[in-house]
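Engineer: Sharing a structure with you now.
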């Protein structure tokens, strides 16, 4: 309870953020039955999940990977089943998301542990001198978790963007074959691949603009830039995010095609 | 000869991950994948040159340089990946209008509230005036989301027109707004996760050093939230802008 009130207290000081939030709320038009309002409320739910994830990660006895996987599942659940109803499209998107996340997490773990990009870099460490760094939490695992959590939004969005039109296509041509459906899904994915990667790219670069300016001002050589912890962590994050977004496309297309056609085959068996 | 060990050599891994990314993109995306990679590379080079230019010239604002870069990024990326057609032109115009408008609104809000609540102390590697750097970063960050929404709106509206050449402007408007509302929420979620996840290690550090939760969140998240909200405002604005620009192009096409 007191946590809640202290957050409200902070809210009074944060006029800037409040005004911006109010503006977005106004535009989103809070009618519960409408999807727009549900999507907006989902933002708060997502924030809540992130908060719990962070709090669980501070406990050294819990493996961060498990927390991340559970968090990703809950987030996919919220974004797919709460905003859109439970139907064949969202179910296949959900399964595809989970599969992709497990694959990408596996890959990220290997890279993070070898490249040693966890924690804080040289440039950040001076400002953290106030803090004790002996906090007993496994930052390697947290580093990998962070990379996955950054991508999950894009992965879920891409999964829906593919599964949804595939279902429409299936309704328009119920006799479509699995292979044709799969190719259709892939072609949709190709169209959105470019803009999805661009979105992630610009979002990350916008956030780290200050770092890039720092590198240039202090005349880092190309070698020093690429080997610096923060820059390589950022680049690896962007590339993993991009790989995740690219991978979800064939996986979703495959699973959705399989399920849609199987549903039809089951109907035919009954008849 | 002696040497000292400075740090871990990481370029090998960055390169490996880069190649995995490029291969996946090429296998899944084929031609479009290749074009995406090219546009990413060109954007990165453009950004690098823009920053060099800014750093070596005095008196030119960072925001101005970013504005010009953004125009170049948009035009180049969209034309390359989507081709020279009216869909692209509509998307380019919608993107530019949406991004600039969202920056304007963000700037107004910041000015009106005197930025109370924004914790600039969070910015770490700062060698230049911090407000400019923050605004420029905001600008570039929202560009990505706005571009995505603009091209989605443009493709959908033109798609509807291509299926039925006689579709009324009113029907286009209604469908367009429906499509927009569908994608609005998920887009905002993408931005949200991309920005806020980066702060997780810092938040954990603060919490484990016994800082209060409220203090931790306010110190670490305000800038990220501002970025995400600016992006959100951009997204919400681009939906009607994209819609009307596409309709304008369609009407022009009809008159021919």
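Protein chains in written order, with my numbering: chain X, 1 to 271; chain P, 272 to 527. Ideal Cβ placement from N, Cα and C applies to all residues, glycine included. Quick caveat, the model's predicted, so the values are computed rather than measured.
1) Pairs of beta-carbons, one from the stretch 493–502 of chain P and one from the stretch 142–154 of chain X, closer than 8 Å: are there three or more?
2) Please classify residue 102 of chain X as buried or exposed, where buried requires at least 16 neighbouring CB atoms within 10 angstroms.
3) Any contact between the stretch 297–315 of chain P and the stretch 134–148 of chain X? By contact I mean 3 or more CB pairs, one from each, below 8 Å.
4) In its own chain, which residues sit with a C-beta less than 6 Å from the C-beta of residue 450 of chain P, not counting the 5 before and 5 after it?
5) List the whole-angstrom C-beta distance separating residue 333 of chain P from residue 403 of chain P, where the pair is believed to meet the contact cut-off of C-beta under 8 Å.
6) Straight-line CA distance for residue 73 of chain X to residue 466 of chain P?
7) In its own chain, which residues sit with a C-beta less than 6 Å from the C-beta of residue 418 of chain P, not counting the 5 before and 5 after it?
8) How about residue 506 of chain P and residue 424 of chain P: are their beta carbons less than 8 Å apart?
9) Please report the residue range of the alpha helix (DSSP H) in which residue 416 of chain P lies.
10) Can we say the stretch 366–386 of chain P touches the stretch 474–489 of chain P, given the rule of at least three CB pairs closer than 8 Å?
11) Less than 8 Å between C-beta atoms, sequence neighbours within five positions excluded: which residues of the same chain meet that for residue 124 of chain X?
12) Ordered along the chain, which non-local residues of its own chain (more than five positions away) have a Cβ less than 7 Å from that of residue 100 of chain X?
13) So the candidates are X:40, X:186, X:221, X:265; which of them puts its Cα closest to the Cα of residue 302 of chain P?
14) So is residue 473 of chain P buried or exposed if we call it buried at 16+ other beta carbons inside 10 Å?
15) Please report how far the alpha carbon of residue 270 of chain X lies from the alpha carbon of residue 80 of chain X, in whole angstroms.
16) On the three-pair Cβ rule with 8 Å, is the stretch 187–201 of chain X touching the stretch 222–242 of chain X?
17) Which two residues bound the contiguous alpha helix (DSSP H) that contains residue 129 of chain X?
18) Note down, in chain order, each residue of its chain lying with its Cβ closer than 7 Å to the Cβ of residue 170 of chain X, except the 5 sequence neighbours on either side.
19) Just to confirm before moving on: does the CB-CB distance between residue 285 of chain P and residue 226 of chain X stay below 8 Å?
20) Could you check whether the Cβ of residue 32 of chain X sits closer than 8 Å to any Cβ belonging to chain P?
21) At a Cβ cut of 9 Å, what residues of the stretch 196–223 of chain X count as close to chain P, listed as they run along the chain?
22) Beta-carbon within less than 6 Å of residue 327 of chain P's beta-carbon, same chain only, minus the 5 sequence neighbours each way: which residues are those?
23) In its own chain, which residues sit with a C-beta less than 6 Å from the C-beta of residue 520 of chain P, not counting the 5 before and 5 after it?
24) Which residue's Cα is closest to the Cα of residue 97 of chain X: X:83, X:75, X:129, X:107?
25) Does DSSP put residue 483 of chain P in a helix, in a strand, or in coil?
26) If you reduce the DSSP assignment to three classes, tell me which class residue 153 of chain X lands in.
Structural biologist: The relevant details are as follows:
1) Here the stretch 493–502 of chain P does not lie against the stretch 142–154 of chain X, with fewer than 3 beta-carbon pairs under 8 Å apart.
2) Residue 102 of chain X is exposed by the Cβ-count criterion.
3) Below 8 Å, too few C-beta pairs join the stretch 297–315 of chain P and the stretch 134–148 of chain X to call them touching: fewer than three.
4) Same-chain partners within the cutoff: 427.
5) Right, their Cβ atoms sit about 4 Å apart.
6) The alpha-carbon of residue 73 of chain X is positioned some 20 Å away from that of residue 466 of chain P.
7) For residue 418 of chain P, where only same-chain residues beyond five positions count, the Cβ hits under 6 Å are 366.
8) In this structure, residue 424 of chain P does not lie closer than 8 Å to residue 506 of chain P by Cβ.
9) In the DSSP annotation of this structure, the continuous segment of the alpha helix (DSSP H) that includes residue 416 of chain P starts and ends at 401–434.
10) No contact exists between the stretch 366–386 of chain P and the stretch 474–489 of chain P.
11) If the five residues before and after residue 124 of chain X are omitted, its C-beta is found closer than 8 Å to the C-beta atoms of 230, all from its own chain and listed in chain order.
12) Within the same chain, residue 100 of chain X has close Cβ partners 155, 244, 247, 248, 251.
13) Nearest C-alpha to residue 302 of chain P: X:186.
14) The residue in question, residue 473 of chain P, is buried, as its Cβ has 16 or more Cβ neighbours within 10 Å.
15) One alpha carbon belongs to residue 270 of chain X, the other to residue 80 of chain X, and they sit about 30 Å apart.
16) A contact is defined here as three or more CB-CB pairs under 8 Å, and the stretch 187–201 of chain X meets this definition with respect to the stretch 222–242 of chain X.
17) Counting along the chain, residue 129 of chain X falls outside any alpha helix (DSSP H), and DSSP gives it neither H nor E.
18) These residues qualify, in order along the chain: 176, 181, 260.
19) A contact, by the Cβ cut-off of 8 Å.
20) Low confidence applies here, because residue 32 of chain X scores a pLDDT of 49, under 50, leaving its location unreliable; read the following figure in that light. For residue 32 of chain X, not one C-beta of chain P is nearer than 8 Å to its own C-beta.
21) Here the close residues are 196, 197, 198, 199, 200, 201, 202, 203, 204, 205, 206, 207, 208, 209, 210, 211, 212, 213, 214, 215, 216, 217, 218, 223.
22) The answer is none, since no qualifying residue turns up.
23) Same-chain partners within the cutoff: 357, 361.
24) Checking every option, the nearest Cα to that of residue 97 of chain X belongs to X:75.
25) Reduced to three states, the DSSP call for residue 483 of chain P is coil.
26) Helix at residue 153 of chain X.
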